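Residue numbers (our numbering): 14 to 392. Cβ coordinates follow ideal geometry from the N, Cα and C atoms, glycine included. Here the structure is a predicted model, which means the values were calculated and not measured.
Given below as C-alpha cells:
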C-alpha cells in the first residue's frame, strides 16, 4: 500500500487551486451593459404604449396570485432568486422585496406598479411559447410585467425555476434604466459639458446635482440630499424630525497610464485609496474616505463593458478613517483606460445612509449614472 505524504497533498492542493485560478483568468466573462436596445426579444415582448408615470417603491416586486397558488413552496422559490442579498453591502438588503397580493386586491388598487409578476393556473389550452409573457410599458411607461400560465402547480414551479435567472436580469435591468431615462430627460448640460472638457467623458446626471469640489484630476458631484421623518419620543411627548439623511454622489478622478500592470483590480483599488486620501476629506481634520477591508465585506469586482468602454466594476463599503472613524457607507465604481487620453479614469458613486432607510433607490441612481458613461472625442 502506498502512502501519500502531507507535503504531496499540499502540493496537489496548490496545483488544483492554481489551475482553477488560471482557468478563471482565461475565461473571464465581460458583461456588456446595454443602455438602449431595439433588438427583437426572443420571447416576443408585448410592447405597450402607456405614457402614465409608474408608481411603487424601488426594489419592490409585486406578485399577483391567488392564495392557493402563492404557496410556501412558491414563496421560498421566489425568495431564493429575487430576494438574494446584494453583495457585499452591509447591512444586507435584498435585490427585490417580494409582496404578494391577490387578483382581487390588484383590481381594486393601482395597476401602474413598476414591477409586476402574475401567476395563473388555468384549464384552458396554453401554447408553450405563451406560458411566459413579458410586457413593457403596458399600464405605465417603463413598467415591466411578467405573466406565468400553467396547468398544474408542478408545471408552474418548473416554469418559475427554469426562467428565474432571465427574469431576475430583466427586473434588475429595468430598475436602473428607469433612473437612466429620468436623468437623460433632465439633461444636466452644465455638468456634462464640464466633465467632457475635464475628463473626456459624459454622464447622465440628476437635474440638481452640483459640483462639491473640482480639481484638475478630481471632481466630486453631490446629489440632492434626501431625508425621511423619524418618530422621536421624549419624556412622553412624541414628534417628528428629519434626522434620517441620505447623502450620495459621484466622484471622478484620473491618473496617468504607464503600463498594463495598472489595469488589475488590486492596483485600481490601491490607487483609489491613495486618491481619496488626499481628495475625499471629512470635515474632521485628518480623516478621509478609505475602503472597508473587513474580510466579511471585501469589495467584489467584475469586468464589464459600458458602450464601447471596457473596464472593472467594483462594489464595496467605505469608511472614513484616520484620526477618527466617524461614519461610512457604500460605493459602486467603474475603472477604465480612456483610449484617447491615455489616462486611467474612475467613476465612483458613494452613498451614506442610515440602516433605517432602504438604499435601493440611491444605489440604482448611482448605477444609472455609471452605466450612462460615454467617451467624448478630444477637440
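Using the three-state DSSP reduction, which class does residue i fall into: helix, strand or coil?
i, result
"residue 166", "helix"
"residue 289", "helix"
"residue 238", "coil"
"residue 98", "strand"
"residue 130", "strand"
"residue 220", "coil"
"residue 283", "helix"
"residue 393", "What is shown of the chain runs 14 to 392, which leaves residue 393 out entirely."
"residue 314", "strand"
"residue 294", "strand"
"residue 172", "helix"
"residue 327", "strand"
"residue 159", "strand"
"residue 301", "strand"
"residue 211", "helix"
"residue 388", "strand"
"residue 14", "Any reading at residue 14 must be qualified, since the residue scores a pLDDT of 35, below 50, and its modelled position is unreliable; no value is offered."
"residue 276", "coil"
"residue 382", "helix"
"residue 307", "coil"
"residue 104", "coil"
"residue 179", "helix"
"residue 68", "strand"
"residue 338", "coil"
"residue 190", "helix"
Please name the residue, chosen from the options, that lies closest to residue i on a Cα-to-Cα basis.
i, options, result
"residue 334", "216, 321, 359 and 301", "301"
"residue 258", "375, 203 and 239", "239"
"residue 63", "152, 70 and 113", "152"
"residue 74", "44, 108 and 83", "108"
"residue 116", "133, 101 and 100", "133"
"residue 146", "162, 286, 138 and 137", "162"
"residue 194", "330, 66 and 209", "66"
"residue 222", "261, 69 and 297", "261"
"residue 49", "384, 286 and 201", "384"
"residue 358", "288, 296 and 310", "288"
"residue 267", "228, 317 and 165", "228"
"residue 275", "226, 355 and 192", "355"
"residue 58", "87, 142 and 103", "142"
"residue 329", "365, 351 and 339", "365"
"residue 338", "307, 44, 297 and 315", "297"
"residue 89", "47, 42 and 177", "177"
"residue 295", "351, 265, 182 and 336", "336"
"residue 2", "319, 369 and 381", "With the chain running from 14 to 392 in the structure shown, residue 2 is simply not present."
Going by DSSP, which residues form a beta bridge with residue i?
i, result
"residue 351", "356"
"residue 364", "261 and 343"
"residue 266", "231 and 359"
"residue 147", "159"
"residue 44", "317"
"residue 226", "233"
"residue 333", "302"
"residue 139", "BP columns for residue 139 are empty, so no partner."
"residue 74", "111"
"residue 322", "319"
Take residue i and list the residues in its own chain whose beta-carbon comes closer than 6 Å to its own, dropping the five residues that flank it on each side.
i, result
"residue 91", "111"
"residue 27", "Unreliable placement is indicated for residue 27, whose pLDDT of 38 sits below 50; no coordinate value is reported for it."
"residue 362", "263, 345 and 379"
"residue 374", "71"
"residue 113", "76 and 83"
"residue 131", "77 and 160"
"residue 210", "none"
"residue 60", "149"
"residue 102", "343"
Within a Cβ cutoff of 8 Å, which residues of the same chain sit near residue i, ignoring the five residues on either side of it in sequence?
i, result
"residue 321", "388"
"residue 172", "144, 145, 161 and 163"
"residue 353", "213, 388, 390 and 391"
"residue 136", "164"
"residue 225", "233, 234, 235 and 262"
"residue 80", "115"
"residue 139", "162, 163 and 164"
"residue 170", "86, 87 and 90"
"residue 377", "71, 72, 188, 189, 191 and 192"
Near residue i, what residues of its chain come up, given a Cβ to Cβ distance below 7 Å and the 5 sequence neighbours on each side ignored?
i, result
"residue 98", "105, 106 and 107"
"residue 331", "302, 303, 304, 305, 341, 342, 344 and 363"
"residue 281", "325 and 348"
"residue 371", "72 and 106"
- Cβ contact check for the region 116-136 and the region 147-164: 3 or more pairs under 8 Å: The region 116-136 and the region 147-164 touch, with no fewer than 3 CB-CB distances between them shorter than 8 Å.
- Query: Taking contact to mean at least 3 C-beta pairs separated by less than 8 Å, is the region 319-326 in contact with the region 337-351?
  - Reply: Yes: at least three Cβ pairs fall under 8 Å.
- Task: Would you check if the region 211-219 and the region 74-84 touch, i.e. whether three or more CB-CB distances between them fall below 8 Å?
- Result: Contact between the region 74-84 and the region 211-219 is absent, because fewer than three Cβ pairs lie under 8 Å.
- Message: Does the contact criterion of 3 or more C-beta pairs under 8 Å hold for the region 221-238 versus the region 179-191?
- Response: Judged by Cβ distances under 8 Å, the region 221-238 makes no contact with the region 179-191, as fewer than three pairs qualify.
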